[in-house]
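Peer 1: Attaching a single structure in structure tokens format; questions to follow.
Protein chains: 2
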Amino acid sequence: MKLGIGDDCALLKIDPTEEIAITSDMLVSGRHLFPDASPEWLGWKALAVNLSDLAAMGAKPLGFTLALALPEPNPSWLEAFSSGLFVIANEYNCPLVGGDTTAGPLNICITAFGSIPRDKAIRRSGALEGDDIWISGTVGDARLTLATLRHEIELSKDDLALIEARMHQPTPRVNLGLALKEVANSALDISDGLLGDLKHILRLSNKDAEIFLERIPKSATLRKQTPEIQNQYSANGGDDYELCFTAPSDKRDVITKISADLNLLLTQIGNIKSMQHSAPEILIVGRDGKALNAQEANLLLKSFDHFA
Amino acid sequence: MKLGIGDDCALLKIDPTEEIAITSDMLVSGRHLFPDASPEWLGWKALAVNLSDLAAMGAKPLGFTLALALPEPNPSWLEAFSSGLFVIANEYNCPLVGGDTTAGPLNICITAFGSIPRDKAIRRSGALEGDDIWISGTVGDARLTLATLRHEIELSKDDLALIEARMHQPTPRVNLGLALKEVANSALDISDGLLGDLKHILRLSNKDAEIFLERIPKSATLRKQTPEIQNQYSANGGDDYELCFTAPSDKRDVITKISADLNLLLTQIGNIKSMQHSAPEILIVGRDGKALNAQEANLLLKSFDHFA
């Protein structure tokens, strides 16, 4: 990175063998952010969700811009926000290269840039029939935390302490994305819920999927909940920022090695199938090996609505 | 541009002889935007102010991301907003490559990318002693429009019609920036007021400036106002999105030719001087050839405060 903040633009020099991945996310108070969320968490999460998008394509972080609207100048808020932001920026070698600040209702807009060898980006459109479907880490804890904060579910203080970072301080799977560049046929990050997001891969790849409900990885805390809550939150919870990817079955050994190297759980939860009808479908297989009926499946497939 | 909206990131391929310029601006309702401003104007202006930053460094637009918070889904608003946005995107060959939408108080965040031959960007830090100081177009009409909308000044409907586009639909000086790459030693775009913005060049170049007040170019409409208003609005008005640049005096013929080629007024308004004290200063010379006293100059030098 050549020139940082202080001119009309930042300047980036790129290796000629690489191309640039760009992603932009906007976080708004009351919608993505609990109004009383700690500013450290906001800074952390705002950058982490963008790095998660870079990770999903196998890109290496290069830098980011930050545009910030704040109701009033607030040095202590800014200091706390920055401390969370720069934990992630430093961890993933992703410097702040420019930005904008203004007065207004709290709004955090980050645009992040990554580099990727030419034609090596992992696309959503690359899933092939017979691919295994994989997911990193566990899913559903962010949704369980939200339910607790909303008093929809009672969770002990200790249980909440074990999982709340999954909502407030997600870990972008940058190193996993880099490791998957030569392995995965398709990938995306789970921000709106596993099944809803998987549909994006299926739509762009013109494929169906079969998912084994019991294999979806859940934390010990989530496994204490009812089976309905477990299924709903893990299959459709949102805000998990794990990677869902597909890879040929002959890559299982490589993926197992990546899992060990990164000390990160990777679970094969299903398979890519040829598309049977005019639109992609997900066949959800229950514990008994039977597919869920349409009503049960529909409940699980409800996806996050940005204007709900 | 390789891959547009629809994956986790957009992908950009860059010519190896070039580097990338990046800029990000956030527009907020009530601050940058009149609440009843037409959505066409908002779309136009949101992209234009970013292209103005690219222009100030001599960069050629490559593409942009749009993150948008809207209070509610509003197809007719979006259609009008898009129509204004894409007038500018099409005019300057700058495609939308990705983005984000969310529910929230109206907020428009655009990050724009441009390409520039390596080491050819026009920096704010490059002004040299003896450089002429130039400005494109006229300045002060955006401020005069604002004053009229705020009922601080009475303007006839016809007069307002002549100038209001300067506030709502600014013209990014992209082609001027490209033409200045081999000509200007320093440049920036005037968003917060001519004298306040010029100070950024002086600070980064460690120079003083001498500005001839009467030479600052003003529209016929602004010239109908009192001398005080003329001076204040043209020297310090903000929101003009003209380019201010410095160039050696032996480039005057080249600059005159650029002015004719682009059919764009370019006016030499002063000179770069060596720095006399510990901080850069602007000496303002009045009609009588005498420098303004400290109090008069101070009034003109007040700059836009983002939290005022």
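Those protein sequence lines, which keep their order, are chains V and F. Heads up: the first sequence is residues 1376 to 1683, going by my numbering. Heads up: the second sequence is residues 1376 to 1683, going by my numbering. Just so you know, even glycine gets a beta-carbon here, dropped at the ideal spot from N, CA and C.
Closer than 8 angstroms by beta-carbon distance: list the chain V residues that pair up with Ser1399/F, in chain order.
Peer 2: Within the second sequence, residue 1399/F is the residue found at index 24, counting from 1. Going along chain V in sequence order, the residues near Ser1399/F (Cβ under 8 angstroms) are Thr1440, Leu1441, Ala1442, Gly1473, Gly1474, Asp1475, Cys1484, Thr1486.
Peer 1: With respect to the alpha helix (DSSP H) encompassing Gly1459/V, which residues constitute its N-terminal and C-terminal limits?
Peer 2: Here residue 1459/V refers to the residue found at position 84 when the first sequence is read from its first residue. 1450-1466 is the span of the alpha helix (DSSP H), which, as asked, contains Gly1459/V.
Peer 1: List the whole-angstrom C-beta distance separating Arg1499/F from Ile1576/F, where the pair is believed to meet the contact cut-off of C-beta under 8 angstroms.
Peer 2: The residue given as residue 1499/F occupies position 124 in the second sequence. The residue given as residue 1576/F occupies position 201 in the second sequence. Rounded, the Cβ-Cβ distance is 5 angstroms, consistent with contact.
Peer 1: Could you give the residue range of the alpha helix (DSSP H) that holds Lys1574/V?
Peer 2: Counting from 1 along the first sequence, the entry for residue 1574/V is found at position 199. From DSSP, the alpha helix (DSSP H) with Lys1574/V extends over 1569-1580.
Peer 1: In angstroms, rounded to a whole number, what distance separates the CA positions of Gly1489/F and Leu1667/V?
Peer 2: Start at 1 with the first residue of the second sequence, and residue 1489/F comes out as number 114. Start at 1 with the first residue of the first sequence, and residue 1667/V comes out as number 292. In a straight line, the C-alpha of Gly1489/F is about 50 angstroms away from that of Leu1667/V.
Peer 1: Below 8 angstroms on C-beta distance, what does Cys1384/F contact in chain V?
Peer 2: Residue numbering aside, residue 1384/F sits at position 9 when the second sequence is read from its first letter. In chain order: Ala1396, Ile1397, Thr1398, Asp1428, Leu1429, Ala1431, Met1432, Ala1434, Gly1489, Ala1496.
Peer 1: Counting only Cβ pairs nearer than 7 angstroms, list the residues of chain V close to Leu1387/F.
Peer 2: In the second sequence, the residue the question calls residue 1387/F occupies position 12. Correct list: Glu1394, Ile1395, Ile1397.
Peer 1: Is Pro1391/F close to chain V, meaning its C-beta is less than 7 angstroms from at least one C-beta of that chain?
Peer 2: For the purposes of this step, residue 1391/F is taken as the residue at position 16 of the second sequence. So yes, Pro1391/F belongs to the interface.
Peer 1: Select from Leu1422/V, Lys1388/V, Glu1415/V, Leu1387/V the residue whose C-alpha is nearest the C-alpha of Thr1398/V.
Peer 2: For this step, residue 1398/V is matched to residue 23 along the first sequence. Of Leu1422/V, Lys1388/V, Glu1415/V, Leu1387/V, the residue nearest in Cα terms is Leu1422/V.
Peer 1: Can you grab the Cα-Cα spacing for the pair Ala1540/F / Asp1390/F, in whole Å?
Peer 2: The sequence position of residue 1540/F within the second sequence is 165, counting from 1. The sequence position of residue 1390/F within the second sequence is 15, counting from 1. Cα to Cα, Ala1540/F sits roughly 36 angstroms from Asp1390/F.
Peer 1: With DSSP run on the structure shown, which of helix, strand or coil describes Gln1643/V?
Peer 2: Start at 1 with the first residue of the first sequence, and residue 1643/V comes out as number 268. It is a strand residue.
Peer 1: Cα separation between Ser1594/F and Thr1513/F?
Peer 2: By 1-based counting over the second sequence, the position of residue 1594/F is 219. By 1-based counting over the second sequence, the position of residue 1513/F is 138. The straight-line gap from Cα to Cα measures roughly 6 angstroms.
Peer 1: Between which residues of its own chain and Lys1665/V is the CB-CB distance below 7 angstroms, once the five residues before and five after are set aside?
Peer 2: The sequence position of residue 1665/V within the first sequence is 290, counting from 1. Hits under 7 angstroms: none found.
Peer 1: May I ask you to report which of helix, strand or coil DSSP gives Thr1523/F?
Peer 2: Start at 1 with the first residue of the second sequence, and residue 1523/F comes out as number 148. The answer is helix: DSSP assigns Thr1523/F an H, G or I state.
Peer 1: To which residues of the same chain is Leu1503/F closer than 6 angstroms at the C-beta, ignoring the five residues directly before and after it?
Peer 2: Taking the second sequence and counting its residues from 1, one reaches residue 1503/F at position 128. So the qualifying residues of the chain are Asn1560.
Peer 1: Per DSSP, which one or two residues make a beta bridge with Asn1482/V?
Peer 2: As a first step, residue 1482/V is located in the first sequence; it is residue number 107 there, counting from the start. Answer by DSSP bridge pairing, in chain order: Val1403/V, Ala1444/V.
Peer 1: Hey, does Gly1479/F have any beta-carbon neighbour from chain V nearer than 7 angstroms?
Peer 2: Start at 1 with the first residue of the second sequence, and residue 1479/F comes out as number 104. Taking Cβ atoms only, chain V reaches closer than 7 angstroms to Gly1479/F, which makes this a yes.
Peer 1: For chain F, check one thing: does any of its Cβ atoms lie closer than 7 angstroms to the Cβ of Val1514/V?
Peer 2: Indexing the first sequence from 1 puts residue 1514/V at position 139. Judged by the 7 angstroms Cβ criterion, Val1514/V is not in contact with chain F.
Peer 1: Whole angstroms is fine: what's the gap from Thr1477/F's alpha carbon to Asp1564/V's?
Peer 2: Your numbering for residue 1477/F matches position 102 in the second sequence. Your numbering for residue 1564/V matches position 189 in the first sequence. Roughly 18 angstroms separates the two Cα atoms.
Peer 1: If you reduce the DSSP assignment to three classes, tell me which class Leu1437/V lands in.
Peer 2: Taking the first residue of the first sequence as 1, we reach residue 1437/V at position 62. Three-state DSSP puts Leu1437/V in a strand.
Peer 1: Between Val1558/V and chain F, is the shortest Cβ-Cβ distance under 7 angstroms, so that the two count as touching?
Peer 2: Taking the first residue of the first sequence as position 1, residue 1558/V is located at position 183. No, Val1558/V lies away from the interface with chain F (no Cβ there is under 7 angstroms from its Cβ).
Peer 1: Roughly how many angstroms separate the alpha carbons of Asn1468/F and Ala1396/V, rounded to a whole number?
Peer 2: For this step, residue 1468/F is matched to residue 93 along the second sequence. For this step, residue 1396/V is matched to residue 21 along the first sequence. Taking the straight line from one Cα to the other gives about 20 angstroms.
Peer 1: I want to verify the contact list: residues of chain V whose CB lies under 9 angstroms from the CB of Asp1663/F, in sequence order.
Peer 2: Indexing the second sequence from 1 puts residue 1663/F at position 288. Those do not exist, as Asp1663/F stays about 35 angstroms from chain V at its closest Cβ, beyond 9 angstroms.
Peer 1: Report, in whole angstroms, the separation of the C-beta atoms of Thr1440/F and Gly1479/F, which I expect to be a contact under 8 angstroms.
Peer 2: Position 65 of the second sequence, counting from 1, holds the residue named residue 1440/F. Position 104 of the second sequence, counting from 1, holds the residue named residue 1479/F. Thr1440/F to Gly1479/F, Cβ: 17 angstroms. No contact.
Peer 1: DSSP three-state call for Asp1680/V: helix, strand or coil?
Peer 2: Here the question's residue 1680/V lines up with position 305 in the first sequence. Caution is warranted here: a pLDDT of 38 is assigned to Asp1680/V, below 50, making its placement in the model unreliable, and no coordinate value can be reported.
Peer 1: Could you give the DSSP three-state label for Gly1418/V: helix, strand or coil?
Peer 2: As a working mapping, residue 1418/V is identified with position 43 in the first sequence. Note: Gly1418/V maps to helix in three-state DSSP.
Peer 1: So Gly1645/F and Phe1587/F are in contact, right, with Cβ under 8 angstroms, and what is the actual spacing, rounded?
Peer 2: Translated into the one-based positions of the second sequence, residue 1645/F becomes position 270. Translated into the one-based positions of the second sequence, residue 1587/F becomes position 212. Yes, they are in contact, since the Cβ atoms of Gly1645/F and Phe1587/F sit about 6 angstroms apart, within 8 angstroms.
Peer 1: So Ala1385/V is in the alpha helix (DSSP H); what residue range does that whole segment cover?
Peer 2: By one-based count along the first sequence, residue 1385/V stands at place 10. Element bounds for Ala1385/V: not the alpha helix (DSSP H) but the beta strand (DSSP E), 1385-1387.
Peer 1: Taking the alpha-carbon of Thr1592/F as reference, which of Asn1606/F, Lys1574/F, Ser1580/F, Asp1583/F has the nearest alpha-carbon?
Peer 2: By 1-based counting over the second sequence, the position of residue 1592/F is 217. Inspection of the sequence shows that residue 1592/F is occupied by Pro rather than by Thr. Among Asn1606/F, Lys1574/F, Ser1580/F, Asp1583/F, the Cα nearest to that of Pro1592/F is on Asn1606/F.
Peer 1: Which same chain residues, not among the five before or five after Leu1481/F, have their C-beta less than 7 angstroms away from its C-beta?
Peer 2: Translated into the one-based positions of the second sequence, residue 1481/F becomes position 106. These residues qualify, in order along the chain: Ser1404, Ala1444, Leu1445, Pro1446.
Peer 1: Going along the chain, which residues of the region 1560-1592 of chain F sit with their C-beta nearer than 9 angstroms to a C-beta in chain V?
Peer 2: Going along the region 1560-1592 of chain F in chain order, one finds Ala1562, Leu1563, Asp1564, His1575, Leu1579 with a Cβ nearer than 9 angstroms to chain V.
Peer 1: Using a Cβ-Cβ distance cut-off of 7 angstroms, determine whether Val1355/V contacts chain F.
Peer 2: The requested residue 1355/V is not part of the displayed model; chain V covers only 1376 to 1683.
Peer 1: Under DSSP, the beta strand (DSSP E) around Ser1653/V begins and ends at which residues?
Peer 2: As a first step, residue 1653/V is located in the first sequence; it is residue number 278 there, counting from the start. No beta strand (DSSP E) holds Ser1653/V; DSSP gives it neither H nor E.
Peer 1: List, from N- to C-terminal side, the beta strand (DSSP E) runs of 3 residues or more that fit wholly inside the region 1605-1646 of chain V.
Peer 2: Correct list: 1618-1622.
Peer 1: Do Leu1640/V and Ile1630/V come within 7 angstroms of each other at the CB atom, strictly closer than that value?
Peer 2: In the first sequence, counting from the first residue as 1, residue 1630/V sits at position 255. In the first sequence, counting from the first residue as 1, residue 1640/V sits at position 265. Not closer than 7 angstroms, so no.
Peer 1: Check this for me: beta carbons of Ala1554/F and Asp1615/F, under 7 angstroms apart or not?
Peer 2: For the purposes of this step, residue 1554/F is taken as the residue at position 179 of the second sequence. For the purposes of this step, residue 1615/F is taken as the residue at position 240 of the second sequence. Contact flag unset, no.
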